[in-house]
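> I'd like to ask some things about the structure below.
2 protein chains.
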Amino acid sequence: MPVGTLATVKALDPSDLTAMGATMILANAYHLHLRPGDDLVKEMGGLHRFMQWDGPMLTDSGGFQVFSLATLRKISEDGVEFQSHIDGSRRFFTPETVIGIQRNLGADVIMQFDHVIPGQSDETSARDASERSIRWAARCLAEFQRSTTSAIEPQALFPIVQGGIHPHLRSEAARVLADMHQWEGFGIGGLSVGEEKPAMYEILDMMGETLPRDRPRYLMGVGFPEDVIEGIKRGVDLFDCVAPTRMGRNGAAFTSDGRLNIKRAEYRNDPKPLDETCDCSACARFSRAYIRHLFVSDEILGHRLLSLHNVHFLLSLARAARREIAGGNLDAWSLDWLARYHSTSPTQ
Amino acid sequence: MPVGTLATVKALDPSDLTAMGATMILANAYHLHLRPGDDLVKEMGGLHRFMQWDGPMLTDSGGFQVFSLATLRKISEDGVEFQSHIDGSRRFFTPETVIGIQRNLGADVIMQFDHVIPGQSDETSARDASERSIRWAARCLAEFQRSTTSAIEPQALFPIVQGGIHPHLRSEAARVLADMHQWEGFGIGGLSVGEEKPAMYEILDMMGETLPRDRPRYLMGVGFPEDVIEGIKRGVDLFDCVAPTRMGRNGAAFTSDGRLNIKRAEYRNDPKPLDETCDCSACARFSRAYIRHLFVSDEILGHRLLSLHNVHFLLSLARAARREIAGGNLDAWSLDWLARYHSTSPTQ
């Protein structure tokens, strides 16, 4: 899912996403609550209409943002008091208010409010956060069942499995959540937040075996191409990450031979496309030399072209993985793909 | 002509321009000489290929930039010594070097190097600059005839009529230039550079009568919708102006009821498009409320949508004027159009 934090996938037009074959996008409850306000989005007919995206859409609950962006947090069992990163105003998020915000926004999939902790947290804090997240999942579910949405289509609520890098906390959380309700899908939170990769893969292995097999699993905030492949191998169905657009605005491009920084002098007169194996509309038309010129000159089209390429790259990767799963060849394909991706990495 | 100063019409993609029906665009010799360098553009196959625009294209000679942007100018009969506005490096432009730069860039229409002065200049300086521009036109022509282009298509060279707001200087320049050569078109320079509007219209009236009727006339650096209409009424065929994209990036939109500043609080929950009479792809999809949100949040899509709308607005205006000329109704139509445009101007 390309990420449209503030109801726009940065530097791209919804028509670009459609043209690239994006099927589902993400927006963010925390950011949209602060600006322009979920009440305004509701007044304007909901998020789909506001940003003119008529495909599936998911809103993140704001748990991650409240625990990472906002300042002066005061965490209690009831919820989290924090200051807006925009104007310092004091806000209070509870499981119930966060469901209310996401009801106003009207995305197709909404997420429970969860307690997110750093990746390296010890077992005591991880247990505390995981158990609170489970209690909050129950409160979110009750509020979800009590409330109605302004959206035309019914919404689905996903709980979020927490538990840090501690496998038994994760499996316990997955079991308790699965017993709580017939959810339409599950979020896997609190990964890719500072822990080592092997620890993340171990948790994903375990999640793949523990979560109900007939429900989609959404690995939140992940990822980079290699993480997407490792996640897919472990049964993950949905991903989101700001990396393709954020890196794109910084001049970094994914290629099948690794990452490339277009601002480097070596590309000054390079007539090749960003990635010779790519069929995105940037690679079909423009040279590295031109895109480098756009970045050196701080031209918006540079941000657009690299964002477009990077999002297309990840969507194509997911499509390729789907084909390989259908063909029964995912493991061999992914080993080849990763070997090539890691072999050169021309300019990290 | 939408302006692509640095080989990109700011915030837009060439495919947007094609979709809007843009037929000819402009780039700038001064800017491209400094960055990325006209030699590099030549090496990459010329401007059309570099920026992927396969329609007609014109490059401005840099006269305006050298006399307005660059610092520490030293003007002599041979040319102008100046410092680059980017790195302060010392440069020397002559009629011959400027033709060389434009030969490298390879646009379809290239402009002579001219001596541009402020709009209110007195007759002595205006005469001096006009006569120098005429001598430089002859040198540009000689260099043009001597040199060859790397472009696939042959290039056309336009001279530029100067003479400030002094009608007899203008008519004299037009006569001398027309006698010098069978040019394929004429530039009208040094207008919209600080003089009063009536003075500009007086000069345009006179130019309309003096310049050869079978050659296109290009009013350089103009303009705003009202200036385009006044120019067309006086026989101008080509215009360029950074206003639609620059204003677009600043949040200002042209509408048939005047200018609108999308950042104003009154548009916070306005479900209407920027201009209800407009069929651009921004107005067909997005509300003022959404575009205002993009600007308040400093999102690139806001710059894109307003640039797109403003460029579309001017292209539509030119197409409408062409229809009215064909129908013999230009005068009545333009009076109505201007009356509506000036009647409300909701938010200047």
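Going down the list, the protein sequences come from chains Z and U. Numbering follows this note's numbering, with no gaps: position 71 of the first sequence is 71. Numbering follows this note's numbering, with no gaps: position 83 of the second sequence is 431. Each residue gets a CB set at the ideal place from its N, CA and C atoms; glycine is no exception.
Spatial neighbours of R340 of chain Z within its chain, please: C-beta separation below 7 Å, excluding the five flanking residues on both sides.
Here the set comprises S256, D257.
> Nearest by alpha-carbon distance to L317 of chain Z: which of Z:V296, Z:F254, Z:E276 is it?
Checked all of Z:V296, Z:F254, Z:E276; the closest Cα to L317 of chain Z is Z:F254.
> Beta strand (DSSP E) containing R421 of chain U: first to last residue?
Looking at the DSSP string, the run of the beta strand (DSSP E) that includes R421 of chain U is 419-423.
> Give a yes or no on whether 8 Å exceeds the smallest Cβ distance from A355 of chain U to chain Z.
Output row for A355 of chain U: interface = yes.
> Only counting runs of 4 or more residues, tell me where the alpha helix (DSSP H) segments fall wholly within the segment 282-306 of chain Z, in order along the chain.
Fully enclosed alpha helix (DSSP H) runs of 4 or longer: 288-296.
> Buried or exposed, going by whether 16 or more other CB atoms sit within 10 Å of the CB of R421 of chain U?
Per the 10 Å Cβ criterion, exposed.
> Tell me the rounded alpha-carbon separation between A591 of chain U and L17 of chain Z.
Going by the C-alpha atoms only, they are around 29 Å apart.
> Do you know how far the Cα of S281 of chain Z is from the Cα of G569 of chain U?
If you take the alpha carbons of G569 of chain U and S281 of chain Z, they lie about 32 Å apart.
> Helix, strand or coil for D364 of chain U? Go by DSSP, reduced to three states.
Correct three-state label for D364 of chain U: helix.
> Hey, out of Z:N269, Z:L260, Z:Q162, Z:D122, whose CA is closest to H342 of chain Z's CA?
Per the Cα distances, Z:L260.
> So what's T603 of chain U in DSSP terms, helix, strand or just coil?
The answer is strand: DSSP assigns T603 of chain U an E or B state.
> Note the first and the last residue of the continuous alpha helix (DSSP H) segment covering T210 of chain Z.
From DSSP, the alpha helix (DSSP H) with T210 of chain Z extends over 197-210.
> Between M349 of chain U and L406 of chain U, is the Cβ-Cβ spacing less than 8 Å?
Yes.
> Taking A289 of chain Z as the reference, which of U:L395, U:A359, U:A377 has the closest Cα?
Among U:L395, U:A359, U:A377, the Cα nearest to that of A289 of chain Z is on U:L395.
> Can you look up M1 of chain Z in the DSSP assignment and give me helix, strand or coil?
Three-state result, M1 of chain Z: coil.
> If contact is defined by three or more beta carbon pairs under 8 Å, each pair taking one atom from either stretch, is the segment 192-200 of chain Z in contact with the segment 221-237 of chain Z?
Enough Cβ pairs lie closer than 8 Å, so yes.
> Compare the C-beta of M247 of chain Z with all C-beta atoms of chain U and state if any pair is closer than 8 Å.
It does not: the Cβ of M247 of chain Z has no partner Cβ on chain U nearer than 8 Å.
> Which of helix, strand or coil does DSSP assign to T356 of chain U?
Coil.
> With 8 Å set as the bound, which would you pick, yes or no: does the beta-carbon of V644 of chain U sit closer than that to a beta-carbon of chain Z?
Cβ-Cβ to chain Z under 8 Å: yes for V644 of chain U.
> What separation, rounded to the nearest whole angstrom, lies between the Cα atoms of T347 of chain Z and M247 of chain Z?
For T347 of chain Z, the predicted model reports a pLDDT of 46, less than 50, meaning its position is unreliable; a value from the coordinates is still stated below. Distance between the alpha carbons of T347 of chain Z and M247 of chain Z: 13 Å.
> By DSSP, does T347 of chain Z sit in helix, in strand, or in coil?
Residue confidence for T347 of chain Z is low, a pLDDT of 46 falling below 50, so the modelled location carries little weight and cannot support an answer.
> Quick one: does N350 of chain Z have its CB under 8 Å from some CB of chain U?
The structure shown does not extend to residue 350 of chain Z, since chain Z spans only 1 to 348, so no value can be given for it.
> Alpha carbons only, please: which of U:L649, U:R494, U:E614, U:D618 is nearest the one belonging to T245 of chain Z?
Here the closest residue by C-alpha is U:L649.
> Spatial neighbours of E647 of chain U within its chain, please: C-beta separation below 7 Å, excluding the five flanking residues on both sides.
If we look at E647 of chain U and ignore the five residues flanking it on each side, it has no Cβ neighbours.
> Could you tell me whether any non-hydrogen atom of the ligand SAM is closer than 7 Å to the CB of Q431 of chain U?
Looking for the ligand SAM in the displayed structure turns up nothing, as the structure carries no ligands at all.
> Kindly indicate which residue of Z:L305, Z:V176, Z:I160 has the alpha-carbon position closest to the one of L360 of chain U.
When each option's Cα is compared against that of L360 of chain U, the closest is Z:L305.
> Any idea which residues DSSP pairs A156 of chain Z with across the strands?
Partner(s): Z:V109.
> With distances taken Cα to Cα, identify the nearest neighbour of S481 of chain U among U:I508, U:I500, U:L559, U:T445.
The shortest Cα separation from S481 of chain U among U:I508, U:I500, U:L559, U:T445 belongs to U:I508.
> I'd like the list of long-range same chain contacts for M350 of chain Z, defined as Cβ closer than 8 Å, with 5 residues on each side in sequence excluded.
Residue coverage of chain Z in this structure runs from 1 to 348, which leaves residue 350 of chain Z outside it and unanswerable.
> Going by C-alpha distance, which of U:V414, U:F572, U:T442, U:G410 is nearest W484 of chain U?
Of the candidates U:V414, U:F572, U:T442, U:G410, the one whose C-alpha sits nearest the C-alpha of W484 of chain U is U:T442.
> Comparing alpha-carbon positions, which option in Z:L34, Z:R103, Z:D78 lies nearest H85 of chain Z?
The shortest Cα separation from H85 of chain Z among Z:L34, Z:R103, Z:D78 belongs to Z:L34.
> For a contact defined as C-beta to C-beta under 7 Å, what are the partners of D361 of chain U on chain Z?
Near D361 of chain U (Cβ distances below 7 Å), the residues of chain Z are L301, R304.
> Going by DSSP in three states, R340 of chain Z sits in which element: helix, strand or coil?
Three-state DSSP puts R340 of chain Z in a helix.
> Could you give the distance in angstroms between the alpha-carbon of E209 of chain Z and the alpha-carbon of F239 of chain Z?
Answer to the nearest angstrom: the Cα atoms are 18 Å apart.
> Could you work out which residue in Z:D336, Z:G223, Z:T23, Z:G45 is closest to A151 of chain Z when comparing CA atoms only?
Among Z:D336, Z:G223, Z:T23, Z:G45, the Cα nearest to that of A151 of chain Z belongs to Z:G45.
> Assuming C488 of chain U and I423 of chain U are in contact, meaning their beta carbons sit under 8 Å apart, how far apart are those beta carbons, in whole angstroms?
Wrong, their Cβ atoms sit about 16 Å apart, outside the cutoff.
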